[in-house]
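A.B. asks: Can you read through this structure? Questions will come right after.
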Amino acid sequence: MLLHDQWLPGEVGARIHSETGYDPADKDAHERTDLYSFMREAGYQPAQTTERVSTRMPDPDERDVMSIPPGVPVLITLRTTRDASQIELETSNLRSNW
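14 is the number of the first residue of the sequence shown in this note's numbering; add one for each residue after it.
Next comes the structure, spelled out in structure tokens:
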């Protein structure tokens with residue numbers, strides 16, 4: 014199972030919504046949900062993505078939602094996407110048990 018939290022700077026999210034009508038909170042409203050496509054359509058050019066991968070023990074909520082037995086760690090991936098000027102466009106925190 015994968016848990017995914019995604020953050021956009023307020024101005025980035027507002028511009029994407031204004032230019033494309035895309036609302037990441039409403040997954041059913043759009044056939045495509047490729048955020049980078051929406052970024053480009055709104056005039057942003059994702060140029061660099063960095064990922065930091067680590068492991069840790071899950072918190073109680075993660076353990077329950079992901080049905081993880083005691084003693085099993087989760088894989089954490091923190092991803093940040095920037096444009097060529099190093100302006101942060103998106104950060105994601107992914108947690109998985111596989």
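Glycine included, C-beta positions come from ideal geometry on N, C-alpha and C.
All figures in this text were calculated on a predicted structure; none of them were measured in a lab.
(1) How would you label G84, buried or exposed, when you count the other beta carbons within 10 angstroms and need 16 or more for buried?
(2) In or out: I29 buried (at least 16 other Cβ within 10 Å) or exposed?
(3) Which of helix, strand or coil does DSSP assign to D132?
(4) Three or more C-beta pairs under 8 angstroms: does that hold for the segment 20-28 against the segment 65-81?
(5) Name the one or two DSSP bridge partners that N106 has.
(6) Cβ-heavy atom distance between Q19 and the ligand HEM below 6 angstroms?
(7) Taking the continuous beta strand (DSSP E) assigned at P67, which residues delimit it?
(8) Among residues of its own chain, excluding the 5 on either side of H17, which ones have a beta-carbon nearer than 7 angstroms to its beta-carbon?
(9) May I have the straight-line CA-CA distance separating A38 from G56, to the nearest angstrom?
(10) Excluding five sequence neighbours on each side, which residues of the same chain lie with their C-beta closer than 6 angstroms to the C-beta of T63?
C.D. replies: This is what the structure gives:
(1) Indexing the sequence shown from 1 puts residue 84 at position 71. Exposed is the call here.
(2) Reading the sequence shown from its first residue, position 16 is the one you call residue 29. Classification for I29: buried.
(3) No answer is possible for residue 132: it lies beyond the span of the chain, which begins at 14 and ends at 111.
(4) Contact annotation: the segment 20-28 does not touch the segment 65-81, with fewer than three C-beta pairs closer than 8 angstroms.
(5) For the purposes of this step, residue 106 is taken as the residue at position 93 of the sequence shown. Paired residues: D18, L91.
(6) Here there are no bound small molecules, and the ligand HEM is not part of this structure.
(7) Translated into the one-based positions of the sequence shown, residue 67 becomes position 54. First, the residue type needs correcting, since residue 67 is Ser and not Pro in the sequence shown. Start and end: 61-69.
(8) Within the sequence shown, numbered from 1, the residue matching residue 17 stands at position 4. Residues S105, L107 of the same chain have their beta carbon placed closer than 7 angstroms to that of H17, with the five preceding and five following residues left out of the count.
(9) Numbered from 1 along the sequence shown, position 25 holds the residue referred to as residue 38. Numbered from 1 along the sequence shown, position 43 holds the residue referred to as residue 56. Each residue's alpha carbon lies about 21 angstroms from the other.
(10) Position 50 of the sequence shown, counted from the first residue, corresponds to residue 63. T93.
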